[in-house]
Amino acid sequence: DQQVKQNSPSLSVQEGRISILNCDYTNSMFDYFLWYKKYPAEGPTFLISISSIKDKNEDGRFTVFLNKSAKHLSLHIVPSQPGDSAVYFCAARATDSWGKLQFGAGTQVVVTP
Amino acid sequence: GAVVSQHPSRVICKSGTSVKIECRSLDFQATTMFWYRQFPKKSLMLMATSNEGSKATYEQGVEKDKFLINHASLTLSTLTVTSAHPEDSSFYICSAIRGGGVNEQFFGPGTRLTVL
Numbered sequence: 001d002q003q004v005k006q007n008s009p010s011l012s013v014q015e016g017r018i019s020i021l022n023c024d025y026t027n028s029m030f031d032y033f034l035w036y037k038k039y040p041a042e043g044p045t046f047l048i049s050i051s052s053i054k055d056k057n058e059d060g061r062f063t064v065f066l067n068k069s070a071k072h073l074s075l076h077i078v079p080s081q082p083g084d085s086a087v088y089f090c091a092a093r094a095t096d097s098w099g100k101l102q103f104g105a106g107t108q109v110v111v112t113p
Numbered sequence: 114g115a116v117v118s119q120h121p122s123r124v125i126c127k128s129g130t131s132v133k134i135e136c137r138s139l140d141f142q143a144t145t146m147f148w149y150r151q152f153p154k155k156s157l158m159l160m161a162t163s164n165e166g167s168k169a170t171y172e173q174g175v176e177k178d179k180f181l182i183n184h185a186s187l188t189l190s191t192l193t194v195t196s197a198h199p200e201d202s203s204f205y206i207c208s209a210i211r212g213g214g215v216n217e218q219f220f221g222p223g224t225r226l227t228v229l
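Residue numbers (our numbering), protein chains in the order written: chain A, 1 to 113; chain B, 114 to 229.
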């Protein structure tokens, strides 16, 4: 069963606007969450992460928000740039599984001029 | 960031043959590497955890005799798809952990396997 879900397979956003990507999870043992960016035929590259003891982490144009009670996190990209067009994966790690990540299905982001 | 390479980047083989994919951490030592599989427009599915000097740990539903993993050194893990069939066609990605937190996990560029 899919423990990490990204229900929006695609997102189109205008350059300069905000991109909001959503991720839901079901496993309450997850204590660390990550976002990866992936281009076709390449491996994922790490973007930003958040520990379950926090509700927000910011790094430049990227901010991740975590709502533990709702088992929901989101990635905000602002302002969006054409180079942000890629597939974004949400991933989560459980407390007792150091290193093993569960991935969502990904969201394809297209930033239009 | 750290570099993880995979070889080959793509391979086409006939049904029934075996294919070996290499994963190398180029500038760091990795006691733990992971192998993932990705179907088109799907999530990355963890197949197995590869630990240097010991047997790999396979996820539920992954056939260990089908997907042989060897982690012979701190910089190299190999995945061998034995007696490959068309349903094994997929994108295989490895990752390596460089000491430290979970965000120190670096992914290889992937290997596209096509079995005819």
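For each residue, glycine too, the CB sits at the ideal point set by N, CA and C. Keep in mind that this is a model prediction, so the values were computed, not measured.
{"Asked": "Within chain A, partners of B:K177 - CB distance below 9 angstroms", "Found": "In chain order: nothing, as chain A lies at least about 17 angstroms away."}
{"Asked": "Three or more C-beta pairs below 8 angstroms linking the stretch 22-29 of chain A and the stretch 68-87 of chain A", "Found": "yes"}
{"Asked": "Between the CA atoms of A:V4 and A:S49 - distance to the nearest angstrom", "Found": "15 angstroms"}
{"Asked": "Residue environment, B:I210, which counts as buried when at least 16 other CB atoms sit within 10 Å", "Found": "buried"}
{"Asked": "Stretch pair the stretch 141-150 of chain B + the stretch 159-167 of chain B: three plus CB contacts closer than 8 angstroms", "Found": "yes"}
{"Asked": "A:K54 to A:L66 span [Cα, whole Å]", "Found": "7 angstroms"}
{"Asked": "Residue-level contact to chain A via CB, B:P153, 8 angstroms cutoff", "Found": "no"}
{"Asked": "Assigned secondary structure, A:D31 (DSSP; H/G/I helix, E/B strand, else coil)", "Found": "strand"}
{"Asked": "Residue range of the unbroken beta strand (DSSP E) whose run includes A:V13", "Found": "10-14"}
{"Asked": "Host beta strand (DSSP E) of A:A105 (start-end)", "Found": "Unbroken run through A:A105: none, as it is neither H nor E."}
{"Asked": "Residues near A:S10 by beta carbon distance below 8 angstroms, same chain, minus five either side", "Found": "T107, Q108, V109, V110"}
{"Asked": "Proximal residues to B:F141 (C-beta, below 6 angstroms), its chain only, five neighbours per side dropped", "Found": "A115, R211"}
{"Asked": "Cβ-Cβ separation, B:S131 to B:A197 (assumed contact under 8 angstroms), whole Å", "Found": "7 angstroms"}
{"Asked": "Residue-chain proximity (B:L192, chain A), Cβ-Cβ < 8 angstroms", "Found": "no"}
{"Asked": "Bridge partner(s) assigned by DSSP for B:K155", "Found": "In the DSSP output, where bridge partners are listed per residue, B:K155 has none listed."}
{"Asked": "Cβ-Cβ separation, B:V194 to B:S128 (assumed contact under 8 angstroms), whole Å", "Found": "Not confirmed; about 11 angstroms, so no contact."}
{"Asked": "CA-to-CA distance, B:S122 to B:R225, given in whole angstroms", "Found": "6 angstroms"}
{"Asked": "Span separating the alpha-carbon of A:A91 from that of B:E135", "Found": "24 angstroms"}
{"Asked": "7 angstroms CB neighbourhood of A:L47 in its chain, flanking five on each side removed", "Found": "W35, Y36, K37, F62"}
{"Asked": "For B:E73, the three-state DSSP class (helix, strand or coil)", "Found": "Any answer about residue 73 of chain B is impossible in this case: the structure gives chain B only from 114 up to 229."}
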